[in-house]
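K.L.:
Chains as they are written, first to last, in our numbering: chain A, 1 to 70; chain B, 1001 to 1262. We put the CB at the ideal spot given by N, CA and C, even for glycine.
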């Protein structure tokens, strides 16, 4: 098992394994990638890139989705 | 939809909408009631908000589990944003969902009244329109702000009837009519509708549509109120198109005055 890294995920510090893609991260949280929009270090990722972008130490990641609103 | 109804359909940013009633998805007691109410309203355009996924799962789940984007046109909003930058960020996150380049732009200027910040709204509208968004901008009932939003490239301008969630109805119909008269883009009354007569009255001012949320979600029977809103918007539109009789300060008899028995 690789060394854990530290990221900020949805406003909270979190320790994750260093070999994750963004897609792996989403799936590991039991979320459906097709329903999630990802902002990584203030840049929005294309959904097609989730599997290719790796989660790096110090990343600030926001996972957002649609909820009810007016 | 009959051919007459189709000919009078709401068109925003070259997209035709099946109904002139647009509804929100917030504040429902349950997702089942929400879906039933939205279906009863006949609305095609349905607003949603962009929020962080709750990783502790203590709050609601994704609305996409309940609303089929094939059935409804999902319009992401920027509700809760207080600056132009923040609204632009939320709009881009909404677009990245992959459903639409439409956005309901909302930049709040005051926490207590939730009244919009006109300057920040115009600023954000310009940035988003230049970036290819079809911006439907929530604003106050001020004509000059509405004109500036149109200049900024908005696809629709959406003046409030009264403050968000207040249910006070249209507080200034004169201003709403002026905005409608002066703008070329569609004008949709957004926020403040309390009951069906408010929605009907809004449409009777000649506006192109009505957007509401709390009036349905906050009713004792949301599904029934949704149906009332559908009928009210249709009635108000028909009434506007029919052209009302002139109001008079005196009585004018409806029945013949001649031919009465001696």
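Can you give the Cα-Cα distance for residue 46 of chain A and residue 1204 of chain B, rounded to whole angstroms?
P.N.:
For this step, residue 46 of chain A is matched to residue 46 along the first chain. For this step, residue 1204 of chain B is matched to residue 204 along the second chain. Using only the alpha carbons, I get a separation of about 44 Å.
K.L.:
Between the region 18 to 42 of chain A and chain B, which residues of the former have a C-beta closer than 7 Å to a C-beta of the latter?
P.N.:
Listed by position along the chain: 29, 31, 35, 36, 37, 39.
K.L.:
Would the region 1166 to 1175 of chain B count as touching the region 40 to 55 of chain A if we require 3 or more Cβ pairs under 8 Å?
P.N.:
The region 1166 to 1175 of chain B is not in contact with the region 40 to 55 of chain A.
K.L.:
Inspect the CB distances between the region 1015 to 1023 of chain B and the region 25 to 41 of chain A and report whether three or more fall short of 8 Å.
P.N.:
In short, these stretches do not touch, since the Cβ pair count stays below three.
K.L.:
Please work out which residues of its chain come closer than 7 Å, Cβ to Cβ, to residue 1218 of chain B, disregarding the five sequence neighbours upstream and downstream, and give them in chain order.
P.N.:
Within the second chain, residue 1218 of chain B is the residue found at index 218, counting from 1. Once the five neighbours on either side are set aside, the close Cβ partners of residue 1218 of chain B are 1027.
K.L.:
Going by alpha carbons, who is nearest to residue 23 of chain A out of A:69, A:52, A:60?
P.N.:
Translated into positions along the first chain, residue 23 of chain A becomes position 23. Ranking the options by Cα distance to residue 23 of chain A, first place goes to A:52.
K.L.:
Could you tell me which residues DSSP puts in a beta bridge with residue 12 of chain A?
P.N.:
Here residue 12 of chain A is taken as the residue at index 12 of the first chain, counted from 1. DSSP output for residue 12 of chain A lists A:9 as bridge partner(s).
K.L.:
Under 9 Å between beta-carbons, which chain A residues line up against residue 1062 of chain B? List them in chain order, please.
P.N.:
Against the second chain, residue 1062 of chain B aligns to sequence position 62. Near residue 1062 of chain B (Cβ distances below 9 Å), the residues of chain A are 31, 32, 35, 36, 65, 66, 67.
K.L.:
Output the residue ranges of the alpha helix (DSSP H) runs that lie fully inside the region 1147 to 1208 of chain B and measure 4 residues or longer, sorted by chain position.
P.N.:
Segments of the alpha helix (DSSP H) lying fully in the region 1147 to 1208 of chain B: 1173 to 1182, 1196 to 1204.
K.L.:
Pull out every residue of the region 1013 to 1035 of chain B whose Cβ sits closer than 9 Å to any Cβ of chain A, in chain order.
P.N.:
The region 1013 to 1035 of chain B vs chain A, Cβ under 9 Å: 1023, 1024, 1025, 1026, 1027, 1028, 1031, 1034.
K.L.:
Beta strand (DSSP E) containing residue 1242 of chain B: first to last residue?
P.N.:
Position 242 of the second chain, counted from the first residue, corresponds to residue 1242 of chain B. Where residue 1242 of chain B is concerned, there is no enclosing beta strand (DSSP E), although the alpha helix (DSSP H) it sits in stretches over 1222 to 1242.
K.L.:
Answer yes or no: does any C-beta atom of chain A fall closer than 8 Å to that of residue 1189 of chain B?
P.N.:
As a working note, residue 1189 of chain B is residue 189 in the second chain. For residue 1189 of chain B, the answer is no, since every Cβ of chain A falls outside 8 Å of its Cβ.
K.L.:
Just curious, the beta strand (DSSP E) that residue 62 of chain A is in, first and last residue?
P.N.:
The sequence position of residue 62 of chain A within the first chain is 62, counting from 1. Run containing residue 62 of chain A: 60 to 68, per the beta strand (DSSP E) assignment.
K.L.:
Find the residues of chain B that neighbour residue 62 of chain A, judging by a C-beta separation of less than 7 Å, and give them in chain order.
P.N.:
Locating residue 62 of chain A in the first chain gives position 62, where the first residue counts as 1. Residues of chain B passing the Cβ test: 1052.
K.L.:
Which residue wins for smallest C-alpha separation from residue 1082 of chain B, given the options B:1255, B:1225, B:1194, B:1117?
P.N.:
As a first step, residue 1082 of chain B must be located in the second chain, where it is residue number 82. It is B:1117.
K.L.:
Under 8 Å Cβ to Cβ from residue 1239 of chain B, same chain only, skipping five residues before and after it: list those, please.
P.N.:
Here residue 1239 of chain B corresponds to residue number 239 of the second chain, with the count starting at 1. So the list reads 1200, 1203, 1204, once near-sequence residues are dropped.
K.L.:
Which bits of chain B does residue 44 of chain A rub up against, with CB to CB less than 8 Å?
P.N.:
Walking along the first chain from the start, residue 44 of chain A turns up at place 44. Per Cβ cutoff of 8 Å: 1092, 1093, 1096.
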